[in-house]
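Residue numbers (the numbering used here): 21 to 394. Beneath this line is the structure, given in structure tokens, with notes to follow.
Put into structure tokens, the structure is as follows:
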């Protein structure tokens, strides 16, 4: 493992010499879409204009628990309304790097929802259904995502064929350097979509192998049988792609439990061990696990751990994991190794949570050269 300061210096130098490279790359990403409203919980209302925020998630839980058998009033204050969904946020971040991005998802149908207007200027966007809606209640130590998912059932193989086109899908996958399928958990027809793609699209690809990034999103609410089927399909994609299987810490534990693994050790060493066990059972190119303070990558050659620029007071947390995913994939597309790509991932996420803005490569270079201590 490279010493952290040396790793940052080496990676910053590599990126500084590759500032124009993303413009030559293409990504095809999908398949979800949400309108996110970021909310804070009021602790004390001091005046019409001033309040103190409830900072810890446990405090909110305690307030709700204390009202059991009675009732209570909780005030939420909107901070912003923005594009949401794992796919749009990751795709938007890839576009900010300069990659030519094509996106297929549920962003409004027949017309795009206005929140995606700027995204549609940065990427080639196609939508086959209305978006979902999320109230993202954020705290300093995490967030609670309250979703309205009725429209997500419209993302299915039949609608992809009739409203987008199978030949068009094939053309997009063929020309992409990176394909990303994310938010399996909320898209309940994703297993069927993956099966259809493997049967009807993948055999026609030809050419060199491409990278495929898959992020399940929090699978806790899905059944063990559904999860097991998804894992088999992910492994089956490795026949046609170099698959990157991305998980946050909670998701890695859920998948580990589903596979009968011991998930009690949450240290970097414990997550490396879990990553190796996941790779044995879901044989893909790379397994990536990203807690909030660091990230782990495991491939057949070994495991790497890189710490990030963690902050205890983020400006925004919704989308941090998707920005990590974009940064890691960007590093791999640029030819960086797993360790350097992990640094790109944590730097991308770290920049975003501090600024609420997706970084470009120059921003990553600047952050790596002046690494924040907190």
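Glycine included, C-beta positions come from ideal geometry on N, C-alpha and C.
Start and end residues, beta strand (DSSP E) containing residue 343 = Within the chain shown, residue 343 is the residue found at index 323, counting from 1. From DSSP, residue 343 is part of no beta strand (DSSP E) but of the alpha helix (DSSP H) over 340-353.
DSSP three-state assignment for residue 56, whether helix, strand or coil = As a working note, residue 56 is residue 36 in the chain shown. Here residue 56 sits in strand by DSSP.
Smallest Cα separation from residue 139: which of 129, 121, 154?
-> As a working note, residue 139 is residue 119 in the chain shown. Closest by alpha carbon: 121.
Using the rule of at least 16 other Cβ atoms within 10 Å of the residue's Cβ for burial, across every protein chain shown, is residue 388 buried or exposed?
-> Stepping through the chain shown from its first residue, residue 388 is reached at position 368. Residue 388 is buried by the Cβ-count criterion.
Uninterrupted alpha helix (DSSP H) stretches inside the region 277-339 (no shorter than 4 residues) = 288-301
From 58, 67, 297, residue whose alpha carbon lies closest to that of residue 335 | On the chain shown, residue 335 is found 315 positions in, with the first residue counted as 1. With distances taken between Cα atoms, residue 335 lies closest to 58.
Give a yes or no on whether the C-beta atoms belonging to residue 32 and residue 385 are separated by under 9 Å.
-> Indexing the chain shown from 1 puts residue 32 at position 12. Indexing the chain shown from 1 puts residue 385 at position 365. Result yes, Cβ atoms of residue 32 and residue 385 sit closer than 9 Å.
To the nearest whole angstrom, what separates the beta carbons of residue 237 and residue 204, a pair I think is in contact under 8 Å?
-> Counted from its first residue, the chain shown places residue 237 at position 217. Counted from its first residue, the chain shown places residue 204 at position 184. Indeed they touch by this definition, with Cβ atoms about 6 Å apart.
Among 224, 146, 329, which has the Cα closest to the Cα of residue 129?
-> Sequence index remark: in the chain shown, residue 129 carries index 109 (1-based). Out of 224, 146, 329, 146 has the C-alpha closest to the C-alpha of residue 129.
Thinking C-beta only, is residue 308 closer than 9 Å to residue 295?
-> Residue mapping note: residue 295 aligns to position 275 of the chain shown, counting from 1. Residue mapping note: residue 308 aligns to position 288 of the chain shown, counting from 1. Yes. Within cutoff.
Would you check if the distance between the CB atom of residue 271 and the CB atom of residue 312 is smaller than 9 Å?
-> Locating residue 271 in the chain shown gives position 251, counting from the first residue. Locating residue 312 in the chain shown gives position 292, counting from the first residue. It is not a contact, given that the beta carbons lie outside the stated cut-off.
CA-CA distance, residue 153 and residue 100?
-> As a working note, residue 153 is residue 133 in the chain shown. As a working note, residue 100 is residue 80 in the chain shown. Taking the straight line from one Cα to the other gives about 14 Å.
In the DSSP assignment, what are the bridge partners of residue 156?
-> Residue numbering aside, residue 156 sits at position 136 when the chain shown is read from its first letter. For residue 156, which the question treats as bridged, DSSP gives the partners 58, 165.
Close Cβ partners of residue 281 (< 6 Å) along its chain, the five nearest in sequence each way excluded = For the purposes of this step, residue 281 is taken as residue 261 along the chain shown, with counting starting at 1. 297.
Candidates 379, 354, 191, 182: closest to residue 38 by CA position = Mapped onto the chain shown, residue 38 falls at position 18. For the residues 379, 354, 191, 182, the minimum Cα distance to residue 38 belongs to 354.
Residue burial classification, residue 343 (beta-carbon count within 10 angstroms, cutoff 16) | The count along the chain shown starts at 1 and reaches residue 343 at position 323. Looking at its Cβ environment, which holds 16 or more other Cβ atoms inside 10 Å, residue 343 is buried.
How about residue 361 and residue 328: are their beta carbons less than 9 Å apart?
-> Taking the chain shown and counting its residues from 1, one reaches residue 361 at position 341. Taking the chain shown and counting its residues from 1, one reaches residue 328 at position 308. Not in contact: residue 361 and residue 328 (Cβ atoms no closer than 9 Å).
Could you check where the alpha helix (DSSP H) with residue 216 kicks off and where it finishes?
-> Taking the first residue of the chain shown as position 1, residue 216 is located at position 196. Per DSSP, residue 216 belongs to the alpha helix (DSSP H) from 210-220.
From residue 47 to residue 197, what does the alpha carbon distance come to, in whole angstroms?
-> As a first step, residue 47 must be located in the chain shown, where it is residue number 27. As a first step, residue 197 must be located in the chain shown, where it is residue number 177. If you take the alpha carbons of residue 47 and residue 197, they lie about 6 Å apart.
Give the straight-line distance between the Cα atoms of residue 136 and residue 357, rounded to the nearest whole angstrom.
-> Locating residue 136 in the chain shown gives position 116, counting from the first residue. Locating residue 357 in the chain shown gives position 337, counting from the first residue. Rounded to whole angstroms, residue 136 to residue 357 spans 33 Å at the Cα level.
Hey, would you say residue 55 sits closer than 9 Å to residue 71, going by beta carbons?
-> Within the chain shown, residue 55 is the residue found at index 35, counting from 1. Within the chain shown, residue 71 is the residue found at index 51, counting from 1. No, Cβ-Cβ distance for residue 55 and residue 71 is not below 9 Å.
Name the one or two DSSP bridge partners that residue 262 has.
-> On the chain shown, position 242 is the one that residue 262 refers to. Note: residue 262 sits in a beta bridge opposite 231.
Thinking residue 263 and residue 316 are a contact (beta carbons under 8 Å), I'd like their distance in whole angstroms, please.
-> Along the chain shown, read from residue 1 onward, the residue named residue 263 stands at position 243. Along the chain shown, read from residue 1 onward, the residue named residue 316 stands at position 296. With a Cβ gap of about 17 Å, residue 263 and residue 316 do not count as contacting.
Answer with buried or exposed for residue 352, where buried requires no fewer than 16 other C-beta atoms within 10 angstroms of its C-beta.
-> For the purposes of this step, residue 352 is taken as the residue at position 332 of the chain shown. Buried.
Measure the beta-carbon distance from residue 346 to residue 114 and round it to whole angstroms, keeping in mind my assumption that it falls under 8 Å.
-> Reading the chain shown from its first residue, position 326 is the one you call residue 346. Reading the chain shown from its first residue, position 94 is the one you call residue 114. Residue 346 to residue 114, Cβ: 5 Å. Contact.
Can you give, in chain order, each stretch of the beta strand (DSSP E) that sits fully within the region 64-137 and has at least 3 residues?
-> 71-73, 96-104, 120-125
Over the uninterrupted beta strand (DSSP E) stretch that includes residue 144, give me the two end residues.
-> Your numbering for residue 144 matches position 124 in the chain shown. Here the beta strand (DSSP E) through residue 144 covers 144-147.
Counting along the chain, where does the beta strand (DSSP E) carrying residue 226 start and finish?
-> As a position in the chain shown, residue 226 is number 206, starting the count at 1. It is not in any beta strand (DSSP E) - residue 226 carries neither H nor E in the DSSP assignment.
With distances taken Cα to Cα, identify the nearest neighbour of residue 244 among 365, 36, 131, 274.
-> Taking the first residue of the chain shown as 1, we reach residue 244 at position 224. Comparing Cα positions, the closest option is 274.
Which residue or residues does DSSP assign as beta-bridge partners of residue 200?
-> As a working mapping, residue 200 is identified with position 180 in the chain shown. In DSSP, residue 200 forms a bridge with 49, 233.
Can we say the region 75-94 touches the region 207-221, given the rule of at least three CB pairs closer than 8 Å?
-> no
Ordered along the chain, which non-local residues of its own chain (more than five positions away) have a Cβ less than 8 Å from that of residue 62?
-> Your numbering for residue 62 matches position 42 in the chain shown. Correct list, in chain order: 71, 72, 73, 74, 94, 95, 96, 97.
Helix, strand or coil at residue 268 according to DSSP, with G and I counted as helix | Residue numbering aside, residue 268 sits at position 248 when the chain shown is read from its first letter. Reduced to three states, the DSSP call for residue 268 is strand.
Residue 252, enclosing alpha helix (DSSP H) - first and last residue = As a first step, residue 252 must be located in the chain shown, where it is residue number 232. Unbroken alpha helix (DSSP H) run through residue 252: 244-257.
If you draw a straight line from the alpha carbon of residue 372 to that of residue 382, how long is it in whole angstroms?
-> To locate residue 372, count along the chain shown from 1; it is residue 352. To locate residue 382, count along the chain shown from 1; it is residue 362. In a straight line, the C-alpha of residue 372 is about 14 Å away from that of residue 382.
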